[in-house]
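Encoded as structure tokens, the structure appears first; notes follow it.
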Amino acid sequence: AGVMKEMFQMKQQLNLLNSAETVEAFQASADNFITLSEQAKATMPASLEGDETRFKGYQAGMQEVIDVVKKANEQAKAGKLDEAKALLTELDGMRKKYHKEYK
Ligand code: HEM
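Under this note's numbering, the residue at position 10 of the sequence shown is numbered 1067, and the numbers go up by one with no gaps.
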């Protein structure tokens, strides 16, 4: 259990998203990222020690991340690869904020 494996895989997919040169490559990695982050969202990290209230906050944070990648994927589908990648920059701040809170 734990979310470490999903987190490392999310990082890997994010690198692929940022270096994607085609809409198809972007979409494939976005789909992978979303699947992994939904798995992470469904799993209580060990650091939360069973605290259901904090788990709700953690899940809301994961959903924010998922929403950004879904939005980016919509841009990619519309052929706007640069705009899609620009949206991904929002993830840096979220990652830092929520890692401070829950990691
Ligand atoms: C793009 C977004 C994110 C990426 C790429 C990412 C990546 C990572 C990576 C590589 C680790 C393991 C290495 C380390 O400790 O730094 C990690 C750990 C962790 N992350 Fe994230 N993260 C993201 C977003 C989030 C969000 C939004 C949350 C919470 C709402 C979160 C919660 C955690 C927790 C709890 C751990 C520790 C897991 C454990 O010890 O089992 N992460 N993340």
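All C-beta atoms, glycine included, are put in the ideal place defined by N, C-alpha and C.
Tell me whether residue i sits in a helix, a strand or coil according to DSSP, three-state version.
i     : result
D1088 : helix
M1101 : coil
T1079 : coil
G1059 : coil
G1107 : coil
K1160 : coil
Under 8 Å, do residue i and residue j count as touching if we go by C-beta distance?
i     : j     : result
K1160 : Q1084 : no
M1064 : A1087 : no
M1151 : G1118 : yes
L1145 : L1074 : yes
Please confirm whether any heavy atom of the ligand HEM lies closer than 7 Å to the CB of residue i.
i     : result
K1068 : yes
F1065 : yes
If we cut at 8 Å on Cβ distances, does residue i have a partner in chain B?
i     : result
T1079 : Looking at the structure shown, chain B is missing, and only one protein chain is on hand.
Problem - Start-end ranges of the alpha helix (DSSP H) lying completely within the stretch 1117-1152, minimum 4 residues - result: Taking only runs of at least 4 residues, the alpha helix (DSSP H) segments lying wholly in the stretch 1117-1152 are 1138-1145.
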